[in-house]
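Report on the following structure.
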Amino acid sequence: MSHHPKLAILGFGTMGQAISAGLVEASGYPAKLIHVATRHPAACRARAEALGLRLSNEADAAVKAAEVVLLCVKPKELKSLLDGLTAAGALDHRPLVVSIAAGATLEFLTAHTPENTPLVRAMPNTPCSIRRGMTVLAAGEGVTEAQLAQTRALFEPLGRVMDLDEKHMDAVTGLSASGPAFMFVILESLAEGGVQCGLPRAVALELAAQMTLGAASMVLETGRHPAALKDEVTTPAGCTIAGLMVLEDGRIRSVVARGIERATQVAAGLG
Ligand SMILES: NC(=O)c1ccc[n+]([C@@H]2O[C@H](COP(=O)([O-])OP(=O)(O)OC[C@H]3O[C@@H](n4cnc5c(N)ncnc54)[C@H](OP(=O)(O)O)[C@@H]3O)[C@@H](O)[C@H]2O)c1
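Numbered by the numbering used here, the letters in the sequence shown go through residues -18 to 252 in order.
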């Protein structure tokens, strides 16, 4: 990024920390340009200091000085936070406001910010902390190409970035933001299978994780359909098809797909 905007990050929990770590540790964003505001700074001072970030409980001051404001609070905290910032005049200079809150629509954000505030919804995930994230962006009305590019530039160092229509944001949340948790459970299960068959636990976990990384990379890098790649691993009457039969008996496809569907439904109700 050629110009690093002055950034206010409101909320320094799981995602505020993941994004800050990705920006500062992995992509060289100057820490001195980031002001993090949270209600209880003492609880996360050590992490902020390790990253070299300015940390306070002064959201108004952080926003007044910022070119870009990143909202990383829980959806239920958003209304009072935005109403407070608006009442304090902290958004009067119309910084670009980027919200990562699940379920909080552009309509909702518009209703709780001053008129003509440029708004973007972003849905990142925790792998952003190690630059393997996936972030989907949906821009509000009146957001310029330059502002969208500024938002992209913020998330691109943290992984892949995609623009989508806002109507997809809940499904994006259920799949790509909740998804790491689902994958961690699947990884744990794969490793348990190895342990059950005699592998030391650490070995089983490393094999499971590297195999998952490899399989996902094959899909992304070759552009081939997972079914075609699966067929290549599956020798007639071999061990892989035998294992696949057991997974299909357990309805693995519908269980996983329904998990995404349920997470999407809940995400839609969070805002
Ligand atoms: N977790 C994920 O994997 C994930 C993925 C994508 C998107 N998201 C979205 O990211 C947002 C944050 O989620 P999270 O998991 O990071 O939550 P979290 O760990 O609970 O962090 C929320 C942070 O917001 C702070 N906060 C609350 N009210 C505040 C206020 N008025 N002013 C300033 N800071 C305030 C909290 O600290 P204090 O109480 O000390 O203020 C805390 O640091 C949510 O909207 C969620 O939908 C999460």
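By construction, the Cβ of each residue, glycine as well, lies at the ideal position given by its N, Cα and C atoms.
In three-state DSSP terms, what is residue i?
i	result
Ile81	coil
Ser235	helix
Leu4	helix
Arg35	strand
Gly204	coil
Gly123	coil
Arg28	helix
Thr215	coil
Val54	coil
Ala71	coil
Thr94	coil
Gly(-3)	helix
Gly114	strand
By the 10 Å Cβ neighbour count, where 16 or more other Cβ atoms means buried, how is residue i classified, buried or exposed?
i	result
Gln177	exposed
Ala209	exposed
Ile233	exposed
Phe165	exposed
Met(-4)	buried
Leu228	exposed
Ala92	exposed
Gly219	exposed
Gly121	buried
Gln246	exposed
Met150	buried
Val237	exposed
For residue i, which residues in the same chain have their Cβ closer than 8 Å to its Cβ, ignoring the five residues on either side in sequence?
i	result
Leu145	Val117, Leu118, Ala119 and Val153
Ala47	Pro(-14), Lys(-13), Leu(-12), Ala(-11), His16 and Pro76
Asn97	Arg75 and Gly123
Arg141	Gly114, Met115 and Thr116
Leaving out five residues before and five after residue i in sequence, what residues of the same chain have Cβ atoms less than 6 Å from its Cβ?
i	result
Val5	Ala12 and Leu32
Leu51	Ile(-10) and Val79
Leu59	Ala82 and Ala85
Ala(-1)	Thr107, Cys109 and Ser110
Within its chain, find whatever has a CB closer than 7 Å to the CB of residue i; leave out the 5 residues flanking it on each side and keep chain order.
i	result
Gly250	Gly84
Val66	According to the sequence as given, residue 66 is Leu; it is not Val. Here the set comprises Ala40, Asp41, Val44 and Leu72.
Ala29	Phe(-7), Val17 and Leu36
Phe89	Gly252
Thr221	Val214 and Thr215
Ala190	Leu168
Handout entry: ligand 1 site residues, beta-carbon cut 6 Å against heavy atoms
Key = With 6 Å as the limit, the residues whose C-beta approaches any heavy atom of ligand 1 more closely are Leu(-9), Gly(-8), Phe(-7), Gly(-6), Thr(-5), Met(-4), Gly(-3), Ala18, Thr19, Arg20, His21, Ala24, Ala40, Cys53, Val54, Lys55, Pro56, Glu58, Leu62, Ile81, Ala82, Ala83, Met104, Pro105, Asn106, Thr107 and Ala158, in sequence along the chain.
Handout entry: Start-end ranges of the beta strand (DSSP E) lying completely within the region 131 to 194, minimum 3 residues
Key = Contiguous beta strand (DSSP E) elements confined to the region 131 to 194 occur at 140 to 144, taking only those with 3 or more residues.
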